[in-house]
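One structure is given here, and the rest of the page talks about it.
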Amino acid sequence: MKDHYDVIVVGAGPGGSIAAKTAAKEGLDVLMIEKRQEIGDPIRCAEGVGKFHLKQHIEPDPRWICADVKGSCIISPDGTKVKMAEEMSGGEVGYVLERKIFDRALANESALAGAEVMVKTRATDLIIENDTVCGIKLMHLGKMHEVRSKIVIGADGMESKVGRWAGIETAVKPSDMETCAQYLVSNANIDQEFCYFYLGNEIAPAGYVWMFPKGGNKANVGIGILGSKSGEDRPIDLLNAFMEKNMPDAKIIEMVIGGVPVCGTIDRTIANGLMLVGDAARQSDPITGGGIINAMDAGKIAGEIAAKAIRNGDCSTDTLQEYEELWRKTIGKEINNSLIVKETFVKFTDEDLNSLAYSLKDINFTSMSLLDLLKALFKANKKLLWDLRGIFKDFIKNDVDFKYKAE
Numbered sequence: 001m002k003d004h005y006d007v008i009v010v011g012a013g014p015g016g017s018i019a020a021k022t023a024a025k026e027g028l029d030v031l032m033i034e035k036r037q038e039i040g041d042p043i044r045c046a047e048g049v050g051k052f053h054l055k056q057h058i059e060p061d062p063r064w065i066c067a068d069v070k071g072s073c074i075i076s077p078d079g080t081k082v083k084m085a086e087e088m089s090g091g092e093v094g095y096v097l098e099r100k101i102f103d104r105a106l107a108n109e110s111a112l113a114g115a116e117v118m119v120k121t122r123a124t125d126l127i128i129e130n131d132t133v134c135g136i137k138l139m140h141l142g143k144m145h146e147v148r149s150k151i152v153i154g155a156d157g158m159e160s161k162v163g164r165w166a167g168i169e170t171a172v173k174p175s176d177m178e179t180c181a182q183y184l185v186s187n188a189n190i191d192q193e194f195c196y197f198y199l200g201n202e203i204a205p206a207g208y209v210w211m212f213p214k215g216g217n218k219a220n221v222g223i224g225i226l227g228s229k230s231g232e233d234r235p236i237d238l239l240n241a242f243m244e245k246n247m248p249d250a251k252i253i254e255m256v257i258g259g260v261p262v263c264g265t266i267d268r269t270i271a272n273g274l275m276l277v278g279d280a281a282r283q284s285d286p287i288t289g290g291g292i293i294n295a296m297d298a299g300k301i302a303g304e305i306a307a308k309a310i311r312n313g314d315c316s317t318d319t320l321q322e323y324e325e326l327w328r329k330t331i332g333k334e335i336n337n338s339l340i341v342k343e344t345f346v347k348f349t350d351e352d353l354n355s356l357a358y359s360l361k362d363i364n365f366t367s368m369s370l371l372d373l374l375k376a377l378f379k380a381n382k383k384l385l386w387d388l389r390g391i392f393k394d395f396i397k398n399d400v401d402f403k404y405k406a407e
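Oh and the sequence shown: position 150 is 150 in full-length UniProt numbering, straight run, nothing missing.
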């Protein structure tokens with residue numbers, strides 16, 4: 001480890017690794033640190049990603065793909081099933097990953113691009129001079145070090161301290177958290193080509209239960225419930241009740257418990273000499289809690305802007321503002337729309353959810369575009385979905401504009 005780099009990336013998750021890889025490929029001297037001794041462990045998500053967006057960052061590898069999913073099945077409280085093709089199933093349906101291998105593959109790509117990767121290395125503070133982040137203080141193998149840089153990229157997850165040290169408000173209220181529990185189970189006995197989502201305020205208040213296939217008759221089975229809706233039953237208790245009723249023969253072989261921010265974005269993600277990406281920037285989807293692709297997209301933007309700022313000799317917020325603007329125009333817009341949908345969804349009763357599912361149960365999703373689906377859904381449920389009319393209008397306008405430009 002040297003005492004100076006162009007860029008230091010704190011956190012070796014998907015966002016951090018893509019940021020490090022991108023900056024290194026731009027010719028920058030990059031250090032990426034990870035506080036844990038093993039990258040990708042422990043698992044903290046259902047491990048689902050959309051294929052198209054993943055392929056923008058890395059070539060799919062069978063070593064870290066557990067299941068190639070063809071679609072999703074949504075089950076309403078009364079048991080009504082709605083099967084949807086992969087293209088309509090959202091950003092978390094496509095591949096189910098083995099994150100322990102996937103995250104290490106991403107870190108390996110950053111190392112091959114030229115970044116230096118150090119595990120069991122924990123950031124303890126930022127070096128700040130003249131209101132500018134100039135590096136980090138870190139602990140590695142019990143010894144303290146000060147390492148300077150032109151830019152620090154904070155990719156240290158939901159519990160991020162990097163942003164807070166730079167004066168950015170990153171705290172999340174419990175009511176804006178989705179508290180989650182997940183089992184990896186064998187003997188799952190589910191169709192390995194579909195992801196399953198169970199809705200209902202009895203099984204998952206203001207949330208859902210998921211089943212994601214992992215190959216070999218295994219599955220990730222988890223639950224996420226909104227903090228503001230949490231009652232006496234803990235997520236793990238609700239998950240156990242679901243398992244007893246729906247998967248009595250499944251065998252639990254791993255467990256993970258955690259939280260996901262579903263509050264939308266924070267006010268700013270930059271400071272002089274600093275950018276935040278991924279969960280540290282609250283870039284996860286407020287509906288699903290998924291954030292792998294968003295983090296990777298933001299990491300790529302951050303790496304590119306870091307190279308541009310360093311080449312221009314200006315790492316102040318004047319230059320880094322471009323990162324802020326770029327990710328908010330793309331990732332941020334989707335998050336804002338998802339937040340509106342989430343705030344509508346949490347008001348629904350089980351009867352409302354049943355009504356939505358029933359209006360879709362006979363639709364052939366293999367021959368329908370997403371625009372057609374949205375029109376049919378809104379037409380049948382105008383009263384329930386009235387708060388979402390602005391999103392429907394924007395989607396229709398963007399779809400028409402896209403077709404017009406393509407022609």
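No residue lacks a Cβ here, since even glycine has one placed at the ideal position from N, Cα and C.
None of the values given here were measured: they were computed from a predicted structure.
Exposed unless 16 or more other CB atoms sit within 10 angstroms - verdict on residue i
i      : result
Lys21  : buried
Asp297 : buried
Met275 : buried
Asp131 : exposed
Gly303 : buried
Leu54  : buried
Phe345 : buried
Arg63  : exposed
Ser284 : buried
Leu126 : buried
Phe52  : exposed
Lys405 : Below a pLDDT of 50, predicted positions are generally treated as unreliable, and Lys405, at 38, falls in that range; the measurement from the model is reported next regardless. That one is exposed.
Met144 : exposed
His4   : exposed
Thr269 : buried
Glu98  : buried
Leu141 : exposed
Ile151 : buried
Pro261 : buried
Gln37  : exposed
Thr170 : buried
Asn312 : exposed
Sub-8 Å separation of residue i and residue j beta-carbons
i      : j      : result
Asp78  : Asn354 : yes
Asn187 : Asp249 : yes
Val277 : Ala155 : yes
Glu178 : Ile225 : yes
Ile75  : Tyr196 : yes
Ala123 : Val10  : yes
Ser50  : Phe212 : The amino acid at residue 50 is misidentified as Ser; the sequence shows Gly. Going by C-beta atoms, Gly50 is not nearer than 8 Å to Phe212.
Gly222 : Ala181 : yes
Ile301 : Leu320 : no
Ile287 : Lys342 : yes
Asp279 : Gly290 : no
Gly167 : Ala271 : yes
Tyr208 : Ile252 : no
Lys214 : Val96  : yes
Gly299 : Ala19  : yes
Reduced DSSP secondary structure (H/G/I, E/B, other) of residue i
i           : result
Asn130      : coil
residue 408 : No answer is possible for residue 408: it lies beyond the span of the chain, which begins at 1 and ends at 407.
Met296      : helix
Lys100      : helix
Pro235      : helix
Arg148      : strand
Ser186      : strand
Ser72       : strand
Gly303      : helix
Lys333      : helix
His4        : strand
Arg282      : coil
Arg268      : coil
Ile310      : helix
His140      : strand
Val341      : helix
Met243      : helix
Pro77       : coil
Val125      : It should be pointed out that residue 125 corresponds to Asp in this sequence rather than to Val. Three-state result, Asp125: strand.
Member of the options whose CA lies at the smallest distance from the CA of residue i
i      : options                           : result
Ser110 : Gly154, Glu98 and Leu28           : Leu28
Asp318 : Gly273, Gly290 and Pro286         : Gly273
Cys263 : His145, Ala281 and Ile270         : Ala281
Gly40  : Gly16, Ala23, Val30 and Glu232    : Gly16
Glu34  : Gly13, Phe102 and Ile18           : Gly13
Ala219 : Ile203, Met243, Phe102 and Ala204 : Met243
Gly71  : Ile101, Phe194 and Asn336         : Phe194
Asn217 : Asn189, Leu199, Asp233 and Ala206 : Asn189
Leu112 : Lys251, Val30 and Val185          : Val30
Glu254 : Asp233, Pro174 and Val185         : Val185
Phe102 : Lys83, Asp61 and Pro235           : Asp61
Asp237 : Trp210, Ile203, Gly258 and Gly259 : Ile203
Trp165 : Gly114, Lys173, Ile128 and Asp68  : Ile128
Inset, instruction - Decide yes or no for the touch test of the stretch 298 to 313 against the stretch 117 to 126: beta carbon pairs closer than 8 Å, at least 3 of them. - result: no
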